[in-house]
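Residue numbers (the numbering used here): 1 to 213. Take a look at the structure set out below.
In structure tokens:
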């Protein structure tokens with residue numbers, strides 16, 4: 001996973017905010033490191049898409065309470081643009097950004113599955129937990145995938161609640177993967193909200209045994 005420092009650096013580079021020395025150093029890294037080069041491409045894609053979305057929303061007759069959540073200024077950085085989008089968990093429908101929440105019937109399983117475990121259901125669907133982490137506000141969160149979505153859900157007083165949910169692309173062989181920009185959005189959310197590091201297997205096992213207390 002790209003570090004928080006590199007994400008901040010790439011965001012500043014995308015917005016032409018780096019001075020000559022730091023810009024030159026990053027350009028050299030971009031030539032040598034395909035991983036950060038792909039991340040920069042994803043940041044630029046997110047930046048462009050969200051600018052377009054924000055313009056569409058500002059011209060649409062949506063309630064002010066909704067408009068205020070996603071309105072961004074032209075000078076906003078890619079990180080800030082992404083944070084605005086992630087805060088309302090959106091994807092595109094026509095000219096709007098709408099929340100599309102998947103079924104929550106399997107969310108209760110997040111309390112008992114360990115990372116790396118995959119639970120398959122009679123309906124042909126499945127739930128696979130990828131990682132767990134603690135958010136800055138103290139809530140525990142889990143990154144997971146289903147047959148069609150890539151999500152992060154956090155434990156609240158009313159159970160596990162999705163905080164970012166992205167549709168996965170179906171491949172010709174019938175498998176699924178997240179689009180590059182979507183995966184970057186998941187990474188951004190985790191890096192920006194995670195307190196410390198991803199939970200170790202022993203930490204996660206202890207939390208599961210104690211009901212995430």
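Cβ atoms here follow ideal geometry from the backbone N, Cα and C, with glycine treated the same way.
Using DSSP with H/G/I as helix, E/B as strand and the rest coil, what is residue i?
i	result
residue 188	helix
residue 217	Past the edges of the chain, shown from 1 to 213, lies residue 217, and the structure says nothing about it.
residue 41	helix
residue 18	coil
residue 164	strand
residue 35	helix
residue 205	helix
residue 8	helix
residue 199	coil
residue 179	Low local confidence applies: a pLDDT of 45 at residue 179 is under 50, so the model's placement there is unreliable, with the coordinate-based value given in what follows. The answer is coil: DSSP assigns residue 179 none of H, G, I, E or B.
residue 132	strand
residue 147	coil
Looking only at its chain, what residues have a beta carbon closer than 7 Å to the beta carbon of residue i, apart from the 5 residues adjacent to it on each side?
i	result
residue 27	none
Just the Cα atoms here: how many angstroms apart are residue i and residue j?
i	j	result
residue 12	residue 132	29 Å
residue 187	residue 151	11 Å
residue 143	residue 2	16 Å
residue 110	residue 37	34 Å
residue 107	residue 160	6 Å
residue 5	residue 24	17 Å
residue 211	residue 18	46 Å
residue 22	residue 35	18 Å
residue 205	residue 15	42 Å
residue 168	residue 149	5 Å
residue 213	residue 29	42 Å
Please go through the same chain and pick out, in chain order, the residues whose beta-carbon is closer than 8 Å to the beta-carbon of residue i, but skip the five residues on each side of it.
i	result
residue 135	141, 154, 193, 194, 195
residue 197	133
residue 117	128, 129
residue 139	154, 155, 156
Less than 8 Å separating the Cβ of residue i from some heavy atom of the ligand ADP?
i	result
residue 150	The ligand ADP is absent from the structure shown, which contains no ligand whatsoever.
So, using beta-carbon positions, are residue i and residue j closer together than 9 Å?
i	j	result
residue 128	residue 145	yes
residue 209	residue 115	no
residue 10	residue 40	yes
residue 7	residue 158	no
Near residue i, what residues of its chain come up, given a Cβ to Cβ distance below 6 Å and the 5 sequence neighbours on each side ignored?
i	result
residue 20	none
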